[in-house]
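Structure record follows, encoded as structure tokens.
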Amino acid sequence: MSSHPSVLILGGGCFGLSTAYELLERGYQNVTIIDRAHDLPAPDAASTDLNKIVRSAYRKEVYTRLAQESISEWKTGDWDGAYHESGVMVCGGVDGTAYSKAAHENDLAAGCRVELLLTVSDIKRHFPAGVALGEIAAAKDDSSGLARNWAYFNKDGGWVAATVAMRALLRRVRTYEGRGLTTLTGRRVTGLKFDQEGRAVGVSVVTNGKEEVLAADVIVLATGAWTSSLFPDEPFGLAQLMQATGHTSLTVQLTPEEYELYKNVPTLFDKETDLYTMPPTPSGLLKWGIHHKGAVSAHGVSIPRTGLSKDNTSPLEPMARIGVDGAGASCAVPKRMLKPMRDAMRRLYPSIADRDFASSRICWGGKKYADTIDEDWIIDYHPDHPRLLLATGGSGHGFKFTPVLGRVIVDRLENKLDVESKELFSFARLRSGEQVERFGESFELVEEELTVPADLKMS
Numbered sequence: 001m002s003s004h005p006s007v008l009i010l011g012g013g014c015f016g017l018s019t020a021y022e023l024l025e026r027g028y029q030n031v032t033i034i035d036r037a038h039d040l041p042a043p044d045a046a047s048t049d050l051n052k053i054v055r056s057a058y059r060k061e062v063y064t065r066l067a068q069e070s071i072s073e074w075k076t077g078d079w080d081g082a083y084h085e086s087g088v089m090v091c092g093g094v095d096g097t098a099y100s101k102a103a104h105e106n107d108l109a110a111g112c113r114v115e116l117l118l119t120v121s122d123i124k125r126h127f128p129a130g131v132a133l134g135e136i137a138a139a140k141d142d143s144s145g146l147a148r149n150w151a152y153f154n155k156d157g158g159w160v161a162a163t164v165a166m167r168a169l170l171r172r173v174r175t176y177e178g179r180g181l182t183t184l185t186g187r188r189v190t191g192l193k194f195d196q197e198g199r200a201v202g203v204s205v206v207t208n209g210k211e212e213v214l215a216a217d218v219i220v221l222a223t224g225a226w227t228s229s230l231f232p233d234e235p236f237g238l239a240q241l242m243q244a245t246g247h248t249s250l251t252v253q254l255t256p257e258e259y260e261l262y263k264n265v266p267t268l269f270d271k272e273t274d275l276y277t278m279p280p281t282p283s284g285l286l287k288w289g290i291h292h293k294g295a296v297s298a299h300g301v302s303i304p305r306t307g308l309s310k311d312n313t314s315p316l317e318p319m320a321r322i323g324v325d326g327a328g329a330s331c332a333v334p335k336r337m338l339k340p341m342r343d344a345m346r347r348l349y350p351s352i353a354d355r356d357f358a359s360s361r362i363c364w365g366g367k368k369y370a371d372t373i374d375e376d377w378i379i380d381y382h383p384d385h386p387r388l389l390l391a392t393g394g395s396g397h398g399f400k401f402t403p404v405l406g407r408v409i410v411d412r413l414e415n416k417l418d419v420e421s422k423e424l425f426s427f428a429r430l431r432s433g434e435q436v437e438r439f440g441e442s443f444e445l446v447e448e449e450l451t452v453p454a455d456l457k458m459s
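The letter at position 353 of the sequence shown is residue 353 when you use full-length UniProt numbering, and the numbering goes up by one with no holes.
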């Protein structure tokens with residue numbers, strides 16, 4: 001007979017699945033995962049994607065440390081070869097941003113294999129010969145050979161084939177089916193259920209029009225971008241602390257010859273434009289995005305990546321556009337993002353920036369773009385609901401931590417989390433009002449201003 005409490009996990013993305021796996025590995029015998037998708041991993045979840053950056057470049061030491069632990073697990077764990085160590089180049093503009101310089105110091109202090117790139121030759125050396133570089137490799141002047149842009153390279157990092165990794169994690173979780181794990185898919189959560197004192201003790205879910213109530217000793221909210229719209233009541237305190245924001249990513253299709261040329265480029269994070277990009281996938285898709293303030297919907301979060309949804313239940317199917325390799329259908333994106341996306345890429349690979357796009361996506365994010373105001377996660381018990389553990393607010397940088405997320409969340413569940421992490425991820429700290437700057441301004445997502453296939457073509 002297990003002495004562990006029963007645990008109900010809402011959400012089967014990387015936060016939810018990693019939590020379930022850690023619980024089951026620790027001997028929990030009553031773990032239930034609920035997800036609205038009929039099949040896991042959900043094809044429209046942010047964690048089910050083409051690829052994700054894996055970097056330890058953070059200005060907060062907690063993230064650098066966790067990223068290092070995660071990278072070690074990506075290398076050695078059972079992830080079906082999803083991790084690719086391309087190295088990560090971090091650029092910080094002419095003088096280096098506060099973020100990039102702090103990240104460099106943390107990477108150095110953590111013992112990462114780091115090189116400061118002072119000259120144009122230093123930067124170019126990390127790209128294959130024949131890859132034409134733009135302003136990112138510009139010289140400071142005509143004679144010194146010094147690089148215009150401040151940058152450093154970290155050998156310890158790269159990218160992960162996200163869908164491959166999620167399937168590997170799901171396979172491991174499912175080894176516990178029938179011996180501690182119950183998975184309930186196709187269930188739509190409609191709200192929390194409360195006891196006589198007004199404390200959350202369960203959830204109400206709908207399956208094929210039929211409502212049922214599920215209860216547990218601990219309820220873990222790993223609902224990502226859905227969190228604030230699922231629980232919008234002001235007293236609950238989430239809607240004003242986090243928001244679902246939609247972020248555009250685009251791909252271009254390389255020829256087989258170009259793939260051979262670009263497959264060994266580094267992963268790159270440019271803090272001057274907030275561009276991020278990775279080497280192409282084996283099928284030749286090169287993806288990039290901008291870590292900007294994002295689009296918001298007046299109607300709450302949409303069904304991720306399929307279009308605007310006014311009732312949070314029905315995707316607008318006509319908006320589904322051009323498929324994404326291995327990650328389901330993509331969708332229309334804001335037209336206003338196409339030019340800044342091309343401009344940012346032109347700084348890096350000018351010959352690629354002005355091509356037809358092969359696919360487009362908006363990530364609302366299970367763990368990807370459930371934004372908190374300070375971009376730190378929420379991993380904490382709700383102060384008014386002692387059985388309710390929040391595990392959300394990934395803010396666009398959570399996926400890389402998938403191998404260690406479960407440990408962090410379950411440590412908090414068991415009140416074993418170290419003091420520094422507990423304070424960083426606390427619910428209460430969000431009251432401080434600290435905010436993080438991102439590229440651009442947020443804007444409302446309007447259906448009439450979204451792309452159609454012709455918009456993704458250059459001619």
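Every residue gets a Cβ at the ideal spot worked out from N, C-alpha and C, and that includes glycine.
Distance from the CA of E61 to the CA of I219, rounded to the nearest whole angstrom, comes to 29 Å.
In the DSSP assignment, F194 falls within the unbroken beta strand (DSSP E) covering 188 to 194.
Out of L456, G398, D384, P350, the CA that lies nearest to the CA of A428 is found in D384. Per DSSP, G202 is one residue of the beta strand (DSSP E) stretching across 200 to 207. Boundaries cannot be given for I136, as no beta strand (DSSP E) includes it and DSSP labels it neither H nor E.
With a minimum length of 3 residues, the unbroken runs of beta strand (DSSP E) contained wholly in the stretch 47 to 94 fall at 52 to 54, 88 to 91. Taking C-beta separations shorter than 7 Å and ignoring five residues to either side along the sequence, the partners of L230 in its chain run V189, T223, following chain order. Minimum Cα-Cα distance from K140 among the listed residues A151, G198, G27 corresponds to A151.
Per DSSP, L389 is one residue of the beta strand (DSSP E) stretching across 385 to 392. Taken through DSSP and simplified to helix, strand or coil, P453 comes out as helix. The beta carbon of R347 sits closer than 6 Å to the beta carbons of G134, E135, I136 from its chain, once the five residues preceding and following it are set aside; these are given in chain order. When the five nearest sequence neighbours on each side are left out, the beta carbons in the same chain lying within less than 7 Å of the beta carbon of P403 are those of S70, E73, W74, G77, in order along the chain. The C-alpha of T19 lies about 15 Å from the C-alpha of A216.
Collapsing the DSSP output to three states places E375 in coil.
Under the three-state reduction of DSSP output, G224 falls in the helix class.
Scanning its chain for C-beta atoms nearer than 7 Å, with the 5 sequence neighbours on each side dropped, one finds around K263 the residues P279, P280, in chain order.
Excluding residues up to 5 positions away in sequence, L192, K193, F194, I219, H382, H385, R387, L388 lie with their Cβ nearer than 8 Å to the Cβ of A200 in the same chain. Pairing E25 with S3, the inter-Cα distance amounts to about 14 Å.
For N30, the secondary structure class from DSSP, reduced to helix, strand or coil, is coil.
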